[in-house]
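S.K.:
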Amino acid sequence: VISSEGRVGWKAPSNIALVKYWGKKPNQIPANPSISFTLDACATTTTVTYKKLDKISSDFSFDLFFDGKENQDFKPKIQTFFERIDKYVPFLKSCHLKIETSNSFPHSSGIASSASGMGALALCVMSIEKQLNPEITQSYFNRKASFLARLGSGSACRSIEGPFIQWGKYGGIKESSNLFGVSYPFKVHSNFMNYHDTILLVHKGQKTVSSTVGHELMHNHPFANQRFEQAHNNLDKLEQVFEKGDLNEFIKIVESEALILHAMMMTSLPYFILMKPNTLEIINKIWSFREATNTPICFTLDAGANVHVLYPEMVKEKAIQFIQDELVVYCENGHYICDRIGQGATKI
Ligand code: PMV
């Protein structure tokens with residue numbers, strides 16, 4: 013029986029895809045498998061204070077506080093999330109929830125908080141389930157948290173564990189699933205441990221196209237099937253790359269994936285461009301620097317103008333110097349975030 017009241021809390025990280033998820037089927041089923049680095053510094057912290065209601069209510073009963081202030085703007089998103097997960101967590105309707113959430117990164121930074129936000133909330137819901145059923149195992153807990161998070165925002169299912177998460181049915185990994193993310197099961201060379209991701213905030217405004225619309229546009233997209241096949245091929249290639257620690261091949265796959273994501277947007281109908289001139293300036297600078305110095309530094313992009321600069325621990329000083337000297341000038345108000353690979357969500 014659920015105790016009459018209690019408080020649960022989780023800090024869940026954001027993640028950055030190396031092979032991108034772009035295109036989905038109903039119920040947040042990805043059209044192709046993806047793999048991501050779990051981040052560390054960019055995270056959402058959420059606590060849920062629950063109180064058992066005398067009788068099951070017909071709708072969800074919750075208050076939302078964002079950065080300490082009551083917030084109405086994000087409530088519809090959470091309402092939709094709860095509706096989607098209702099049948100898997102029926103106990104939610106028998107509680108009143110006070111949800112308090114905050115992000116470690118500025119709200120208007122152009123960094124999506126949906127992955128870390130939905131990840132943290134899904135974990136809180138699972139902690140309430142654990143009160144009901146203390147026997148559930150750690151692996152069931154994590155899988156179901158990832159499953160629930162996916163229903164909030166697809167990529168959120170990759171924000172529960174770390175450091176490398178694979179989501180989507182893929183031949184090479186037998187435990188992979190379209191329903192939740194799993195830890196990458198193969199050998200990963202030490203070159204990829206402690207990888208860094210410096211996020212350059214090129215444009216902090218709202219995106220002109222939501223990812224929901226973007227995924228939709230992959231239906232009837234002229235290159236959709238080739239793209240989905242290519243994601244599988246890139247995952248195949250990454251297996252070797254991770255095992256051997258081949259940074260040059262890694263860079264080719266990761267940069268190509270970023271550009272393909274944007275190429276898909278540019279070739280959909282309607283078409284759109286989310287990169288800004290400064291995004292391209294940064295990409296060109298990275299390419300020149302890499303060629304001139306042979307430093308294994310590369311970029312990836314999300315569905316926006318910001319650039320994620322990826323580099324291994326062994327070139328950290330050189331990379332940071334280059335970023336500060338040559339790239340920060342392209343950031344809005346000189347803002348950037350130093351992040352790195354993380355180990356997954358933590359209980360608070
Ligand atoms: O989780 P969504 O529906 O916001 O989709 C995000 C998709 C990308 O961030 C562009 C790529 C990815 O795999 O994370």
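Note that full-length UniProt numbering has the sequence shown beginning at 13, numbered continuously upward. No residue lacks a Cβ here, since even glycine has one placed at the ideal position from N, Cα and C.
1) Pick helix, strand or coil for Ser73, following the three-state DSSP scheme.
2) Buried or exposed: where does Glu241 fall if 16 or more other Cβ atoms within 10 Å of its Cβ makes it buried?
3) Closer than 7 Å to a non-hydrogen atom of ligand 1 - does that hold for the CB of Ser128?
4) Taking just the CA atoms, how far does Glu267 sit from Glu141?
5) For ligand 1, is there a heavy atom less than 7 Å away from the beta-carbon of Ser223?
6) Quick one: measure Cβ to Cβ for Leu191 and Ile47, integer angstroms, because I've assumed they're closer than 8 Å.
7) Using DSSP with H/G/I as helix, E/B as strand and the rest coil, what is Ser106?
8) Name all residues in chain order for which at least one heavy atom of ligand 1 lies closer than 5 Å to the residue's CB.
9) Let me check understanding here. Comparing Cα to Cα, which of Val327, Ile41, Ala331 and Pro118 lies closest to Ser165?
10) Quick one: residues in its chain with C-beta nearer than 8 Å to the C-beta of Asp209, no 5 flanking neighbours on either side, listed in chain order?
11) Going by DSSP, name the residue or residues bridged to Arg352.
12) So what does DSSP say about Thr224, is it helix, strand or coil?
13) In the DSSP output, what is Glu112 paired with across the bridge?
14) Assign Pro234 to one of two classes, buried (16 or more other C-beta atoms within 10 Å of its C-beta) or exposed (fewer than that).
15) List, from N- to C-terminal side, the beta strand (DSSP E) runs of 3 residues or more that fit wholly inside the stretch 130-197.
16) Check each candidate in Lys36, Ser121, Asn318 and Asn245 and name the one with the smallest Cα separation from Leu292.
17) Look up Glu82 in the DSSP assignment and give the residues it is bridged to.
18) Use the C-beta contact count for residue 363: other C-beta atoms within 10 angstroms, 16 or more gives buried, fewer gives exposed.
19) Could you work out which residue in Glu228, Cys136, Ala53 and Ser139 is closest to Leu281 when comparing CA atoms only?
20) Nearest to Asp98 by alpha carbon, out of Glu261, Ser69, Ile111 and Arg19?
21) What's the call for Phe262, buried or exposed, on a 16-neighbour Cβ count within 10 Å?
22) Buried or exposed: which applies to Ala24, given that a residue is buried once 16 or more other Cβ atoms fall within 10 Å of its Cβ?
23) From Met326 to Ile332, what distance separates their C-alpha atoms?
24) Whose C-beta lies closer than 7 Å to the C-beta of Lys156 among residues of the same chain, with five residues either side of it excluded?
25) Hey, is the stretch 283-292 in contact with the stretch 192-207, meaning 3+ C-beta pairs nearer than 8 Å?
26) In angstroms with no decimal places, state the Cα-to-Cα distance between Lys32 and Thr56.
27) Please state whether DSSP places Thr291 in a helix, a strand or coil.
28) So who's on the other strand from Leu322, going by DSSP bridges?
29) Is Val101 helix, strand or coil by DSSP?
30) Quick check on the burial criterion: 16 or more other C-beta atoms within 10 angstroms. Buried or exposed for His119?
31) Between Phe26 and Ser121, which are expected to be in contact by the criterion C-beta below 8 Å, what is the C-beta distance as a whole number of angstroms?
32) Assuming the contact rule is C-beta atoms closer than 8 Å, Phe254 and Phe198 should be a hit. Round their C-beta distance to whole Å, please.
33) Does the beta-carbon distance from His201 to Lys264 come in below 8 Å?
34) Does Lys37 pass the burial test, meaning 16 or more other C-beta atoms within 10 Å, or should it be called exposed?
35) Tell me the DSSP bridge mates of Arg19?
M.R.: In terms of the structure at hand:
1) Position 61 of the sequence shown, counted from the first residue, corresponds to residue 73. Of the three classes helix, strand and coil, the one that applies to Ser73 here is strand, per DSSP.
2) Reading the sequence shown from its first residue, position 229 is the one you call residue 241. So Glu241 counts as exposed.
3) Against the sequence shown, residue 128 aligns to sequence position 116. No, the Cβ of Ser128 stays beyond 7 Å of every heavy atom of ligand 1.
4) Working through the sequence shown from its first residue, we reach residue 141 at position 129. Working through the sequence shown from its first residue, we reach residue 267 at position 255. Rounded to the nearest angstrom, the two C-alpha atoms are 40 Å apart.
5) In the sequence shown, residue 223 corresponds to position 211, counting from 1. For ligand 1, at least one heavy atom lies less than 7 Å from the Cβ of Ser223.
6) The residue you call residue 191 lines up with position 179 of the sequence shown. The residue you call residue 47 lines up with position 35 of the sequence shown. Rounded, the Cβ-Cβ distance is 16 Å, inconsistent with contact.
7) The residue given as residue 106 occupies position 94 in the sequence shown. In this structure, DSSP gives Ser106 a helical state, which the three-state scheme calls helix.
8) Ala29, Lys32, Tyr33, Ser46, Ser165, Gly166, Ser167, Ser223, Asp314 and Ala315
9) Reading the sequence shown from its first residue, position 153 is the one you call residue 165. For the residues Val327, Ile41, Ala331 and Pro118, the minimum Cα distance to Ser165 belongs to Ile41.
10) Reading the sequence shown from its first residue, position 197 is the one you call residue 209. Here the set comprises Ile28, Phe49, Leu51, His320, Val321, Leu322, Asp351, Arg352 and Ile353.
11) Translated into the one-based positions of the sequence shown, residue 352 becomes position 340. Per DSSP, His208.
12) Position 212 of the sequence shown, counted from the first residue, corresponds to residue 224. Three-state result, Thr224: helix.
13) As a working mapping, residue 112 is identified with position 100 in the sequence shown. Note: Glu112 sits in a beta bridge opposite Thr59 and Phe77.
14) Reading the sequence shown from its first residue, position 222 is the one you call residue 234. It counts as exposed.
15) 176-179 and 193-195
16) The count along the sequence shown starts at 1 and reaches residue 292 at position 280. It is Asn318 whose Cα lies nearest to the Cα of Leu292.
17) Numbered from its first residue, the sequence shown carries residue 82 at position 70. DSSP lists Phe77 as partners of Glu82.
18) No answer is possible for residue 363: it lies beyond the span of the chain, which begins at 13 and ends at 360.
19) As a first step, residue 281 must be located in the sequence shown, where it is residue number 269. Closest by alpha carbon: Glu228.
20) By 1-based counting over the sequence shown, the position of residue 98 is 86. Closest option to Asp98, Cα to Cα, is Ser69.
21) By 1-based counting over the sequence shown, the position of residue 262 is 250. Within 10 angstroms of the beta-carbon of Phe262 lie 16 or more other beta-carbons, which makes it buried.
22) Here the question's residue 24 lines up with position 12 in the sequence shown. So Ala24 ends up on the buried side.
23) Translated into the one-based positions of the sequence shown, residue 326 becomes position 314. Translated into the one-based positions of the sequence shown, residue 332 becomes position 320. Near 12 Å, if we compare the C-alpha coordinates of Ile332 and Met326.
24) Here residue 156 is taken as the residue at index 144 of the sequence shown, counted from 1. Result list for Lys156: Met138, in chain order.
25) Three or more beta-carbon pairs separated by less than 8 Å are not found between the stretch 283-292 and the stretch 192-207, which leaves the two stretches without contact.
26) If you number the sequence shown from 1, residue 32 lands on position 20. If you number the sequence shown from 1, residue 56 lands on position 44. Those two C-alpha atoms are separated by around 22 Å.
27) Start at 1 with the first residue of the sequence shown, and residue 291 comes out as number 279. It is helical.
28) Translated into positions along the sequence shown, residue 322 becomes position 310. Note: Leu322 sits in a beta bridge opposite Asp209 and Cys310.
29) Taking the sequence shown and counting its residues from 1, the one referred to as residue 101 is at position 89. Coil at Val101, not helix or strand.
30) As a working mapping, residue 119 is identified with position 107 in the sequence shown. Counting Cβ neighbours within 10 Å, His119 comes out exposed, since fewer than 16 surround it.
31) Position 14 of the sequence shown, counting from 1, holds the residue named residue 26. Position 109 of the sequence shown, counting from 1, holds the residue named residue 121. One point to set straight first is that residue 26 is Ser, not Phe, in the sequence displayed. The pair is not a contact, with the Cβ atoms about 11 Å apart (cut-off 8 Å).
32) In the sequence shown, counting from the first residue as 1, residue 254 sits at position 242. In the sequence shown, counting from the first residue as 1, residue 198 sits at position 186. Between Phe198 and Phe254 the Cβ distance is about 6 Å, and since that is below 8 Å, they are a contact.
33) Position 189 of the sequence shown holds residue 201. Position 252 of the sequence shown holds residue 264. For His201 and Lys264, no; Cβs fall outside 8 Å.
34) Counted from its first residue, the sequence shown places residue 37 at position 25. Residue environment: Lys37 is assigned as exposed (fewer than 16 neighbouring CB atoms within 10 Å of its CB, all protein chains considered).
35) Here residue 19 is taken as the residue at index 7 of the sequence shown, counted from 1. Answer is Thr61, bridged to Arg19.
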